[in-house]
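All remarks here apply to the structure that follows.
Residue numbers (the working numbering), protein chains in the order written: chain A, -4 to 270; chain B, -4 to 270.
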C-alpha cells in the first residue's frame, strides 16, 4: 500500500519509542480493526485500490493473508476420523483411524505439548519431521512425533518477531493461571557496536512457575533466541530454572544476563507457589 | 604479529575449505606447537620481537594469554578448604568450609553438571549468578547455584566459535564412551542472502544417547545457537530428542532443520543402546 490517509487508525511501529536517533518506522502503515470491504478495478480489469473502512487505498498488487485450513476432505470422504481442528486425527506414529493409512504434513493434526490439545498448524518443520516419522513407522520401524510448541519466527524488513508455547491469552483459555514479564534488553552488550533493542516476554504458570510461552521482538540477532525458550518449555522447566541455565556470553553476542534469562527471572519473581 | 616467515608451521584458517570464492583466511598466522622462547627489545627498552622456535617475529605489542588461576590464597591462609581445581570449595549455596564465610566468583569452584566435577572457570556469567546466590543465602533466603556446562562463545574478526558441555576428549577422560557427529549447514536457508557456512559438532553418550557437549564454528549468526545445545544438555536430553525439539524456522534464520538439530540427529544415528 504505497499511500494511506493520515487519519486512518492503527499505525504499527510508529508508536514504538525511538533509540539513538533512528526511527523504528519502516514506512508501512498498518490499519488494525478495519475490514476490507472490496476492491476497485482499473479500466483494464486489474486491481486498482482496496476499499477498507473510510479509506480507498491505491494498490498495484494485493496479497491476501487469510490463514490456512487443513485439506482433509479426501480423508473425511473416506470415513477417516477428522479431529476438532479440522485436520486428520493421527497418533504419535502418524497413523489415522483407518488401518494402514498414515497422514503427515499440513493435513494432519499436531498435539501441542503445553496445552495437550490437537491443533492444525501448517509449518514445514512439522511436515518434515512428521513425514520422517510416518516413513519409519509404515516400513516397520519405531518412531514417534513428540508434538509441538507452535514455535514460529518471521522477519519483516529490519524487524524480527518470534513466538513459542502459549501466549498469555492462550494460557488462560487453556485453563492455566499465567503470570508474564516483558523486559527490554540489547542483542549485544549495550556498549558493543551493532547492539540493538530486544523485547522478550515470558509467560509462566503462577503456581508451579512452569514456563508456558515466550515471545521476542527486535532486530538482527533477536528472534533466534526463541529456540532457547522453546527448548526450555519442551523440557517443562520452571522460569526460575531457565534463569540459571549456562547460556553463552561475550559482548558481541549479548549482555552478561541473556535477555531470555532476564525475562525468565522476572516471570519467576511473579510466581506464587502458595497463591 | 604483522609478519611471519612462510615456513613457520601451523597456519589456522588457511586449511579450511573455501566457499563461493571467498577465502576464509583473515590474515592471522597461527603458529601451533611452537613455544615462545623469549622477546627481543628495542634500543629504548620496548618489545621489538617474539622469538618462537626458529622464527623471530617483529612485534610492537605482545599480548600473553596464559590462562587464569583462582586467587584463593587468602582463603587457603585462613584454613578454608581449597578444592582440587585450586578454587575455594563451596556448596550450592556458595558456603565455604568456614561457618559464615561465603565465596563467589573466579576464586570459587563450580560444579560441572555433566562430569559432576568441581572446576575453576573464570566467567562473568557464573560470578554474577554466584554473587546473587551468595547474597540471597547469606541474608537468610534460599537459593542454589545449579552448576555449569562450561558454555563459552567468542568472536575472532568475522568468525564465531562456541562450546558447551564436554568435548569428545573431555567426555572420554570423564569415563563416558562418546560418539560424535560433525555437520556442515548454513546460518540461513542456503538460498537466502547472507547465508554462511556453519559447522556444528554434537557429542553424545554411545549407550544412553545423552547429549554431552557441542561446539559451533561459523560466521555472523552461527555461535549463539550453542545456547540451544546448552539448554538441551542442561536438561539431560538425548541427541534423538534434541533433533525433534520444535525450533523456529524461516528462511532468514536457518534451514528447515536447524544445524543444531541436524548435528543431534547425526549423533543419535551413532548411538548403540545395546552396544
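Note that CB positions come from ideal geometry on N, CA and C, so glycine has one too.
Could you name the residues that DSSP lists as bridge partners for residue i?
i, result
"residue 196/B", "177/B and 210/B"
"residue 350/A", "Only positions -4 to 270 of chain A appear in this structure, which leaves residue 350/A out of reach."
"residue 36/B", "42/B"
"residue 26/A", "Looking at the DSSP assignment, residue 26/A forms no beta bridge with any residue, so it has no partner."
"residue 88/A", "Answer is none; residue 88/A lacks a bridge partner."
"residue 205/B", "233/B"
"residue 47/A", "31/A and 50/A"
"residue 143/A", "107/A"
"residue 75/A", "Residue 75/A is not bridged to any residue."
"residue 83/B", "77/B and 103/B"
"residue 113/B", "106/B"
"residue 97/A", "90/A"
By a C-beta neighbour count over all protein chains shown, 10 Å radius and 16 as the cutoff for buried, is residue i buried or exposed?
i, result
"residue 153/A", "exposed"
"residue 33/A", "exposed"
"residue 282/A", "There is simply no residue 282/A to check, as chain A begins at -4 and stops at 270 in what is shown."
"residue 186/B", "exposed"
"residue 71/A", "exposed"
"residue 268/B", "exposed"
"residue 27/A", "exposed"
"residue 101/B", "buried"
"residue 37/A", "exposed"
"residue 35/B", "exposed"
"residue 0/A", "Low confidence applies here, because residue 0/A scores a pLDDT of 36, under 50, leaving its location unreliable; read the following figure in that light. It is exposed - the Cβ of residue 0/A has fewer than 16 other Cβ atoms within 10 Å."
"residue 271/B", "Examination of residue 271/B is not possible in this model, given that chain B is present from -4 through 270 alone."
"residue 17/B", "Note that residue 17/B scores a pLDDT of 42, beneath 50, so its modelled location is shaky and nothing firm can be said."
"residue 247/B", "buried"
"residue 128/A", "buried"
"residue 65/A", "buried"
"residue 69/A", "exposed"
"residue 104/A", "buried"
"residue 76/B", "exposed"
"residue 61/A", "exposed"
"residue 259/A", "buried"
"residue 164/B", "exposed"
"residue 264/B", "exposed"
"residue 39/A", "exposed"
"residue 168/B", "exposed"
What are the start and end residues of the alpha helix (DSSP H) that includes residue i?
i, result
"residue 147/B", "No alpha helix (DSSP H) contains residue 147/B, which is instead part of the beta strand (DSSP E) from 147 to 151."
"residue 130/B", "119 to 133"
"residue 271/A", "Nothing about residue 271/A can be reported from this structure: the residues present for chain A run from -4 to 270 only."
"residue 237/A", "234 to 237"
"residue 69/A", "68 to 72"
"residue 166/A", "163 to 168"
Identify which residue in the options has its Cα closest to the Cα of residue i.
i, options, result
"residue 253/B", "239/A, 43/A and 146/A", "146/A"
"residue 232/B", "207/B, 241/B and 53/B", "207/B"
"residue 148/A", "88/A, 219/A, 41/A and 54/A", "219/A"
"residue 210/B", "44/B, 225/B and 100/B", "225/B"
"residue 262/B", "109/B, 196/B and 105/B", "196/B"
"residue 41/B", "260/B, 56/B and 48/B", "56/B"
"residue 144/B", "150/B, 49/B and 166/B", "166/B"
"residue 97/B", "107/B, 85/B and 105/B", "85/B"
"residue 90/A", "190/A, 245/A, 139/A and 180/A", "139/A"
"residue 181/B", "137/B, 241/B and 250/B", "250/B"
"residue 191/B", "178/B, 216/B, 204/B and 205/B", "216/B"
"residue 50/B", "39/B, 61/B and 29/B", "29/B"
"residue 113/B", "123/B, 141/B and 120/B", "141/B"
"residue 199/A", "93/A, 255/A and 175/A", "175/A"
"residue 122/A", "111/B, 239/B, 25/B and 93/B", "239/B"
"residue 58/B", "45/B, 68/B, 67/B and 69/B", "45/B"
"residue 273/B", "256/A, 163/A and 222/A", "Summary: the structure shown does not reach residue 273/B, with chain B confined to residues -4 through 270, and so no result is reported for it."
"residue 177/A", "75/A, 162/A and 25/A", "162/A"
"residue 87/A", "131/A, 81/A and 80/A", "131/A"
"residue 271/A", "126/A, 94/A, 80/A and 133/A", "This structure cannot speak to residue 271/A, because chain A is shown only from -4 to 270."
"residue 93/B", "73/B, 82/B and 160/B", "73/B"
"residue 204/A", "173/A, 184/A, 115/A and 212/A", "173/A"
"residue 193/A", "184/A, 201/A, 212/A and 202/A", "212/A"
Going by DSSP, what residue range makes up the beta strand (DSSP E) through residue i?
i, result
"residue 227/A", "Premise fails: residue 227/A lies in the alpha helix (DSSP H), 221 to 229, not in any beta strand (DSSP E)."
"residue 157/B", "154 to 160"
### Task
Return the residues of the region 210 to 222 of chain B that lie within a Cβ-Cβ distance of less than 9 angstroms from chain A, sorted by chain order.
Per Cβ criterion, the list reads 215, 216, 218, 219, 220, 221 and 222.
### Query
Got a sec: which bits of the region 48 to 64 of chain B sit with their beta carbon under 8 angstroms from any beta carbon on chain A, in order along the chain?
Close to chain A, meaning a Cβ-Cβ distance shorter than 8 angstroms, is no residue of the region 48 to 64 of chain B at all.
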